[in-house]
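Notes follow the structure.
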Amino acid sequence: MKDIEKAIGAHALWMSELRQAILDARPGIEVGGIRADDQCDFGQWLYGSRLSAADRMTESYQEVRRLHAEFHDLAALVVERAAAGRIVDAYALLYDEYVTMSGRLALAMRAWQQRLLQGLE
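In our numbering, the protein residues as written are 89 to 209.
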């Protein structure tokens with residue numbers, strides 16, 4: 089549950105990192121590491137061995153995993169647009185779909201955390 093709390097904070101920091109990435113973007117920037125949802129600390133926990141097979145079968149886990157992957161896809165898309173010189177498009181995506189996705193992910197993580205605390209999962 090601490091991992092979920094840390095992840096919510098860490099993913100909130102991505103917003104400022106993406107703003108900086110838009111400013112620093114250059115053609116040919118590699119976004120594979122951004123898109124990979126198993127590379128951040130939370131992704132390593134989410135896909136790692138600390139969660140049981142039963143944990144992975146829960147609806148909450150499946151929802152968080154799906155949203156987390158979408159979150160990383162959108163972050164990569166923001167950087168790709170910036171690298172292609174589409175700065176306005178990158179900012180538009182960041183402040184629209186990305187912000188929405190970030191909120192959806194945080195809510196799903198909080199709901200999962202609450203279910204775990206209540207012993208429902």
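Backbone N, C-alpha and C fix where the C-beta goes; we use that ideal spot for every residue, glycine too.
Threshold first: 4 residues or longer. Then list the alpha helix (DSSP H) segments lying entirely within the region 107-135, N to C. 120-123 and 129-135
Rounded to the nearest angstrom, what separates Q202 and L208 at their Cα positions? 9 Å
Top-ranked residue by Cα proximity to V166, from L101, L181, D129 and D125: L181
To the nearest angstrom, how far is the alpha carbon of E118 from that of R169? 12 Å
Run of the alpha helix (DSSP H) containing A196, from where it starts to where it stops: V187 to L205
Would a check of beta-carbon distances place E118 closer than 7 Å to chain B? No chain B appears in this structure, which consists of one protein chain only.
Please work out which residues of its chain come closer than 6 Å, Cβ to Cβ, to A109, disregarding the five sequence neighbours upstream and downstream, and give them in chain order. V167
Quick check: what's the CA-CA separation for F130 versus A199? 16 Å
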